[in-house]
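Let me begin by presenting the structure, written as structure tokens, before commenting on it.
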Amino acid sequence: MELVPLRPEFAPQMLAGGPHNDEVNRLTGTHATFELADYEAYIERTLNDPNRYTRAITEDGRFLGEVVLTINEHNRSAGMRIALWDGFGKGYGTVAIKHVLDHAFTVRNLHRVDLEVYEFNDRAIHVYKKLGFREEGRLRDALLWDGEFYDAIVMSVLSTDNI
Numbered sequence: 045m046e047l048v049p050l051r052p053e054f055a056p057q058m059l060a061g062g063p064h065n066d067e068v069n070r071l072t073g074t075h076a077t078f079e080l081a082d083y084e085a086y087i088e089r090t091l092n093d094p095n096r097y098t099r100a101i102t103e104d105g106r107f108l109g110e111v112v113l114t115i116n117e118h119n120r121s122a123g124m125r126i127a128l129w130d131g132f133g134k135g136y137g138t139v140a141i142k143h144v145l146d147h148a149f150t151v152r153n154l155h156r157v158d159l160e161v162y163e164f165n166d167r168a169i170h171v172y173k174k175l176g177f178r179e180e181g182r183l184r185d186a187l188l189w190d191g192e193f194y195d196a197i198v199m200s201v202l203s204t205d206n207i
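The opening residue of the sequence shown carries number 45 in our numbering; numbering runs sequentially from there.
Okay, here's the thing in structure tokens:
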């Protein structure tokens with residue numbers, strides 16, 4: 045597995061998705077559908093945004109997912125998100141999150157990284173806790189999926205936490 049900057053040639057692979065497309069949409073709360081031009085525009089925006097740090101998660105040059113920090117320099121904080129299209133259960137997410145936390149705290153001198161995760165995503169919650177994230181609260185009924193509401197759990201890790 046490698047973490048590399050997001051590149052335009054990944055757009056077709058992002059469009060194709062992976063074998064877990066429906067599950068990934070549910071885990072990320074994505075109701076929208078995207079076309080190739082949407083992924084190309086997203087990559088272009090990402091590459092030109094100094095307040096965004098994005099790494100593609102790849103294996104043998106194949107796009108598996110991405111991990112993103114959206115940085116607020118004024119508050120020394122960042123929001124983090126990760127999405128894996130493929131490669132579940134292989135530790136790729138853990139490695140990717142460790143990388144962006146190191147970047148956030150060591151390279152960018154941030155103090156806080158936070159995220160939201162839906163209450164049914166036990167696998168992700170386990171990884172986040174293992175990496176030092178703590179639950180701060182819940183956004184009640186934040187996601188409506190197949191007629192049912194789910195909470196979003198707000199979690200964060202601080203540079204001063206013992207991680």
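Note that CB positions come from ideal geometry on N, CA and C, so glycine has one too. Since we're looking at a predicted model, the values are computed, not measured.
Neighbourhood of residue i by C-beta, 7 Å cutoff - its chain only, sequence neighbours within 5 removed
i           : result
residue 114 : 95, 96, 122, 123
residue 199 : 158, 159, 161, 172, 177, 178, 179, 180
Residues bridged to residue i (per DSSP)
i           : result
residue 49  : 99
residue 114 : 96, 123
residue 79  : DSSP lists no partner for residue 79.
residue 198 : 160, 181
residue 187 : 194
Residue nearest to residue i in terms of C-alpha spacing, selected from the options
i           : options           : result
residue 160 : 183, 142, 86, 153 : 183
residue 57  : 79, 90, 181       : 79
residue 77  : 198, 153, 65      : 65
residue 151 : 117, 194, 48      : 117
residue 203 : 146, 164, 75      : 146
residue 174 : 72, 85, 135, 107  : 135
residue 176 : 88, 141, 103, 126 : 141
residue 165 : 197, 106, 49, 129 : 197
residue 70  : 201, 190, 51      : 190
residue 170 : 149, 137, 148     : 137
residue 195 : 163, 107, 130     : 163
DSSP-derived helix/strand/coil call for residue i
i           : result
residue 181 : strand
residue 109 : strand
residue 193 : strand
residue 163 : coil
residue 66  : helix
residue 146 : helix
residue 152 : coil
residue 59  : helix
residue 71  : helix
residue 128 : strand
residue 135 : coil
residue 91  : helix
Distance between beta carbons of residue j and residue i, contact taken as under 8 Å
i           : j           : result
residue 54  : residue 100 : 6 Å
residue 157 : residue 111 : Rounded, the Cβ-Cβ distance is 11 Å, inconsistent with contact.
Contact set for residue i: own chain, Cβ-Cβ below 6 Å, skip 5 residues either direction
i           : result
residue 193 : 185
residue 208 : For the chain, the structure presents residues 45 to 207; residue 208 sits outside this window and is missing.
residue 73  : 187
Own chain, CB closer than 8 Å to residue i, minus 5 neighbours either side, in chain order
i          : result
residue 68 : 61, 62, 74, 127, 128, 129
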